[in-house]
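Residue 884 is where the sequence shown starts when you use the numbering used here, and the numbers rise one by one after that. Beneath this line is the structure, given in structure tokens, with notes to follow.
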Amino acid sequence: MIHPTAIVSETAAIADDVEIGPFTVIGDNVEIGRGTRVDSHVVVNGPTIIGEDNHIYQFASVGDDPQDKKYRDEPTRLVMGDRNTIREFCTISRGTVQDQGVTIMGDDNWIMAYAHIAHDCVIGDKTIMANGTTLAGHVHIGDWVICGGKSGIHQFCRIGAHAFLGMYSGVNRDVPAYTMVSGQPSVPKGINSEGLKRRDFNEQQIRNIKNAYRIVYRRGLKLAEALQQLDELLPEQPELSILIESLRSSERGIVR
């Protein structure tokens, strides 16, 4: 299952059924789980852990040194879950000791060509990053987030679950859960109602989320005042919990 032209370190731990294509390099301290396919001309450096049933396409660079001038060869890590698709020319860096020392990707993510995931990013599950998406360091992406083509996210920003970034979006503040944004800098455009329908949110839940969006963005309230109103709705509208959490955890301030 390993092409004879591939170079695989003696310290790499590769499951028996992993496919490794021609001219691919697997470096020291790399672990790759069963069912994963690594195509030709890929470089995977460690310490990196790659889970099961992933597919990494040709010319990707996974787990290499962070692009951070403070980096001094510390043994930081990249940890990737299962069933992720990493398309051509993507770059995914390891973490830095200035953060938790690890870049993390969950399961079932679809990362399209030329995307860049910088050091110390934390990616949830079932996200989509269209071609050319660029994440600066320390960015957190929630579950089910969609990033439009060539969207860029400033370092330390947080994108809440089910959010949607339009094509060419330039995000320099946190994006609350469920929210659609676009523009440079990005501004809120409503909720990701189409995405919620596809994920089996019912009509009442979507109406509740739309009303919560109005409380945050349409009533001229301070964020603390909006949160107070959302807290009162939460017992009967549990779908608001991830929105409230994304608002409370914001450190850079939310898009306005």
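Note that CB positions come from ideal geometry on N, CA and C, so glycine has one too.
*Taking the Cβ atom as the reference point for each residue, do residue 1056 and residue 1138 lie within a distance shorter than 8 Å?*
yes
*Give me the Cα-Cα distance between residue 1095 and residue 941, rounded to the nearest whole angstrom.*
44 Å
*Any idea which residues DSSP pairs residue 1029 with across the strands?*
1011 and 1047
_Given a cut-off of 8 Å on the beta-carbon distance, is the pair residue 903 and residue 892 in contact?_
no
*Please report the residue range of the beta strand (DSSP E) in which residue 1072 lies.*
1070-1074
_For residue 932 and residue 956, the rounded distance between their alpha carbons_ = 18 Å
_For a test of the three-state rule: what should DSSP assign to residue 1065, helix, strand or coil?_
strand
*Contact check, residue 1028 vs residue 1044 under 8 Å by CB: the rounded distance?*
7 Å
*What separation, rounded to the nearest whole angstrom, lies between the Cα atoms of residue 925 and residue 1042?*
29 Å
*Who are the Cβ neighbours of residue 1091 in its own chain at under 8 Å, not counting the five residues just before and after it?*
1116, 1120, 1122 and 1123
*Just how far apart, CA to CA, sit residue 959 and residue 977?*
6 Å
*asked:* Quick check on residue 1132: buried or exposed, where buried means 16 or more other Cβ atoms within 10 Å of its Cβ?
replied: exposed
*In the structure shown, what three-state DSSP assignment does residue 901 receive?*
coil
*By Cβ distance below 6 Å, which residues in the same chain neighbour residue 912 in space, the five residues on each side in sequence not counted?*
894, 929 and 930
*Below 6 Å CB to CB, which residues in the same chain sit around residue 920 once its five sequence neighbours on both sides are set aside?*
902 and 938
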